[in-house]
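For reference, each letter of the sequence shown is one residue, going 27 to 358 in the working numbering.
Ideal Cβ positions, reconstructed from N, Cα and C, are used throughout, including at glycine.
Presented below is the structure to which this report refers.
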Amino acid sequence: MQGLRGVFENRRILITGGLGFIGSNLALQLVNLGSIVTVVDSLIPQYGGSIENVRDFADRVNINIADVRDINSMNFLVQGQEYIFNLAGQVSHILSMTDPFADLEINCRAQLSILEACKRNNPAAKIVYAGTRGQYGRPGKIPVSENCPLRPVDVNGVNKTAGEMYHLLYNEIYGIRATSLRLTNTYGPRHTMKSGEQSFLNWFIRLAIDGETIPVYGNGLQKRDFNYIDDVIQALLMVASSEKSNGEVFNLGGYEPISILDATKLLLEITGKGSYDLVPYPEDKKQLEIGDYWGDFSKIKSYFGWRPTTSLREGLVKTVQYYLENKKYYWS
Numbered sequence: 027m028q029g030l031r032g033v034f035e036n037r038r039i040l041i042t043g044g045l046g047f048i049g050s051n052l053a054l055q056l057v058n059l060g061s062i063v064t065v066v067d068s069l070i071p072q073y074g075g076s077i078e079n080v081r082d083f084a085d086r087v088n089i090n091i092a093d094v095r096d097i098n099s100m101n102f103l104v105q106g107q108e109y110i111f112n113l114a115g116q117v118s119h120i121l122s123m124t125d126p127f128a129d130l131e132i133n134c135r136a137q138l139s140i141l142e143a144c145k146r147n148n149p150a151a152k153i154v155y156a157g158t159r160g161q162y163g164r165p166g167k168i169p170v171s172e173n174c175p176l177r178p179v180d181v182n183g184v185n186k187t188a189g190e191m192y193h194l195l196y197n198e199i200y201g202i203r204a205t206s207l208r209l210t211n212t213y214g215p216r217h218t219m220k221s222g223e224q225s226f227l228n229w230f231i232r233l234a235i236d237g238e239t240i241p242v243y244g245n246g247l248q249k250r251d252f253n254y255i256d257d258v259i260q261a262l263l264m265v266a267s268s269e270k271s272n273g274e275v276f277n278l279g280g281y282e283p284i285s286i287l288d289a290t291k292l293l294l295e296i297t298g299k300g301s302y303d304l305v306p307y308p309e310d311k312k313q314l315e316i317g318d319y320w321g322d323f324s325k326i327k328s329y330f331g332w333r334p335t336t337s338l339r340e341g342l343v344k345t346v347q348y349y350l351e352n353k354k355y356y357w358s
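Shown next as structure tokens:
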């Protein structure tokens, strides 16, 4: 990571969704690289942003509480920024179905607000957009490459696809350098731990730490891939630092695919308490189940040499330890 210091030192950087899980971890890494970082977040409770995520380095970042849908705020905030990591979004699949218009506002309209602000006030900025594996829906072939059809099974996947396409369009038409990373299941410190709406693995971690029973839907044999947060931050910085990424889309992918049941058993082994129970799918979740998924990350590996370096066991050990030490900030 220190090899990127020459790229980002003394550079002005804006992170939308910067008080959220990925945004706050990225902000910490960038201030350690010597960047001048501004984080913007609306702190809408159910979206996961929290001032506690930057409590250890709040004096080293500029914090702006604003909604990315507000074009006036964005017109001001993008000015002078050399890199923009566009991580603001509504990420819950379930919430996107129960409140589709809110998802539309955050994941579509807000993206246009950011891009229009850049077009008018800072067309030289480099933008990295956070896409999602949910854009693929139920994959016909695994591992899933960037060339696989996009067939989302929920409103979130549809809107995230649109958000990504806006970035690629503005790259092509207006020359605003943009790239997208399609993230898979990301876990680690600073995630919201108040519900399982945004990430089932982080919620499983809370249940295991509390010695409770983890509900595993169906037979638990559906496979997923997982990325520890540090590996995701590395990928974000790599694509931002290179002109080769402009107009491109890249999958991330896990160390190796694993069934949800085996991941749960590994977590329980690490915490030394808790249990699991196989339970039927609730109807709302059954409709959104995609079966097996893991991503083919050979493209980003060939472009930049990126690959996940943190095994699930190693990442879970680090994550559990973080929450044991910081439980009071995340459980209440």
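| Check | Outcome |
| --- | --- |
| Integer Cβ distance of G280 from T210, believed to fall under 8 Å | 6 Å |
| Residues that DSSP places opposite D303 in a beta bridge | P241 |
| Backbone CA spacing between F47 and Y200 [nearest angstrom] | 31 Å |
| Cβ pair count under 8 Å reaching 3, the stretch 244 to 259 against the stretch 211 to 222 | yes |
| Inter-stretch contact (C-beta, 8 Å, three-pair minimum) for the stretch 183 to 202 and the stretch 29 to 41 | no |
| As assigned by DSSP and simplified to three states, the class of V170 | strand |
| Per DSSP, cross-strand counterpart(s) of A156 | L207 |
| Residues near D180 by beta carbon distance below 6 Å, same chain, minus five either side | H119, S122, M123 and L314 |
| Segments assigned beta strand (DSSP E), at least 3 residues, entirely inside the stretch 259 to 319 | 275 to 277 and 301 to 305 |
| Beta-carbon contacts of I70 that lie in its chain and below 6 Å, excluding the five residues immediately before and after | none |
| Cα-Cα separation between Y73 and Q116, rounded to whole angstroms | 6 Å |
| For G321, the residue or residues it bridges with in DSSP | V170 |
| Cβ-based burial, W357 [other Cβ within 10 Å; buried from 16] | exposed |
| Inter-stretch contact (C-beta, 8 Å, three-pair minimum) for the stretch 233 to 249 and the stretch 299 to 309 | yes |
| Environment of D82 [buried if 16+ CB atoms lie within 10 Å] | exposed |
| With 16 other Cβ atoms within 10 Å as the buried cut-off, status of Q161 | buried |
| Beta-ladder partner(s) of V66, from DSSP | T42 and N90 |
| Local Cβ density within 10 Å of L350, reported as buried at 16 or more and exposed below that | exposed |
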